[in-house]
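Participant: When the count follows UniProt numbering, it moves up by one through the sequence shown with no breaks and lands on 315 for the last residue.
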Amino acid sequence: MWGWLLRRLGQIIPTLLILSVLIFALQQLMPGDPAIIMAGEERGDPQVLAEIRAELMLDRPIWEQYGAWLWRLLHGDLGFSWRIRQPVGELILEKLPVTLQLGLMAFVIAVVIGVPAGIVSAAYRDRPADWAANGIALAGISTPNFWLGIMMILLFSVNLGWLPPSGYVPITEDWRQSLATTIMPAFVLGGGIAGVFMRHTRAAMIGALGQDYVRTARAKGLPEKVVITRHALRNALIPVVTLATIELGRLLAGAVLTEQIFSIPGFGKLIVDAVFNRDYPVVQGVVVVTALIFVTLSLIGDLLYMAINPRLRAA
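(1) Quick check: what's the CA-CA separation for Trp63 versus Phe267?
(2) Let's test the definition: count the other Cβ atoms within 10 Å of the Cβ of Lys95 and tell me whether it reaches 16, buried, or not, exposed.
(3) Determine the extent of the alpha helix (DSSP H) in which Ala244 is found, giving its start and end residues.
(4) Quick one: what's got a C-beta closer than 6 Å to Trp162's C-beta in the same chain, skipping five residues either side?
(5) How many Å lie between Asp130 and Thr201 at the Cα?
(6) Look up Pro185 in the DSSP assignment and say whether it is helix, strand or coil.
(7) When the Cα atoms are used, what is the spatial distance from Lys269 to Trp147?
(8) Would you mind giving the Cβ-Cβ distance between Val88 and Pro281, rounded to the nearest angstrom? I have them listed as a contact below 8 Å.
(9) Once DSSP output is grouped into helix, strand and coil, what is the label at Pro223?
(10) What do you get for Gly190, buried or exposed, if any count of 16 or more other CB atoms within 10 angstroms of its CB means buried?
(11) Give a yes or no on contact between the stretch 101-118 and the stretch 243-262, applying the rule of three or more CB pairs nearer than 8 Å.
(12) Does the beta-carbon of Phe276 have 16 or more other beta-carbons within 10 angstroms, so that it is buried, or is it exposed?
(13) Need the endpoints of the alpha helix (DSSP H) that Gln47 sits in, please.
(14) Please report how far the alpha carbon of Val256 lies from the alpha carbon of Trp69, in whole angstroms.
(15) At what residues does the alpha helix (DSSP H) containing Pro87 begin and finish?
(16) Tell me which same chain residues have a C-beta within less than 8 Å of the C-beta of Thr143, skipping the five on either side of it?
(17) Where does Phe262 sit, in a helix, a strand or coil, going by DSSP?
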């Protein structure tokens, strides 16, 4: 087990190194000159532009810029925002809890709705319950987030007045108001993912229910509930866990459109503002943290595989 874990960690290091090269290289393809944006009203002064480029190392060769950035990154320094002159690490720590709360709420909604619906759909295949679950899943997958968000604001905020239409309150200040401001965007994000969970869970459960060990369990006279939950579901969870790690990573990386609609100051809004303002260090820092989240979740997913299926531990 420890040997496998060390090998996985050894694979992560070159992966992150390649990602750092891609992140820095693709950043250089963005149009526009950050020095002109930072110069503001003095953008027409060549001396001011030259000083800004020298300060930001924009006048150095690209390999030298990458080396300096990677060296700082290895020491935990994500640099300073060129636009607001604040450490990128502080900006990320300020926005990450917002996206964590929103992403985890959306993930819980997706799992609570999608996985049980997939189990019921597989257990009652080609029956009304299966048709209803498939219809709801298809509607969740097909409905655009921006349209659903606007409709929910119109219904629950404008017409009924139950929930605030936008904004965010930290959970440490007022947990009730915090839930009120995040429940609609969390449902918008989780609704579509719930449909994806339902379809994958249904497919995995149908495959598991057709296996010999399930037929043997039924032949022994075990109740159908025990056959589904204890025998079929455990083996069907492996592809669902794979999907869960991917979708959770996407949620924690920031839902740009949903955060814009509901004015949630999370990762999505941070990176959109940084891109429009050519704030390279912020873009690079957010993408690096996002990559770390995905790599970490991938490792956690592999560990969950072994916990769910003992045969993988033996392999």
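All C-beta atoms, glycine included, are put in the ideal place defined by N, C-alpha and C.
For clarity, every value in this text was computed on a predicted model and none was experimentally measured.
Facilitator: According to the data block:
(1) Distance between the alpha carbons of Trp63 and Phe267 is about 28 Å.
(2) Lys95 comes out buried.
(3) Leu233 to Leu252 is the span of the alpha helix (DSSP H), which, as asked, contains Ala244.
(4) The answer, listed in chain order, is Phe156.
(5) Whole-angstrom Cα-Cα distance: 12 Å.
(6) Helix at Pro185.
(7) One C-alpha to the other measures close to 19 Å.
(8) Distance from Val88 to Pro281 at the Cβ level is roughly 5 Å; contact confirmed, criterion being Cβ atoms closer than 8 Å.
(9) Coil at Pro223, not helix or strand.
(10) That one is buried.
(11) By the C-beta criterion, the stretch 101-118 is judged to be in contact with the stretch 243-262, since at least 3 inter-stretch pairs fall below 8 Å.
(12) By the 10 Å Cβ count, Phe276 comes out exposed.
(13) Here the alpha helix (DSSP H) through Gln47 covers Pro46 to Glu55.
(14) Looking at the two C-alpha atoms, the distance is approximately 26 Å.
(15) Looking at the DSSP string, Pro87 is not in any alpha helix (DSSP H), and its letter there is neither H nor E.
(16) Cβ within range, chain order: Gly191 and Gly192.
(17) DSSP places Phe262 in coil when its eight states are reduced to three.
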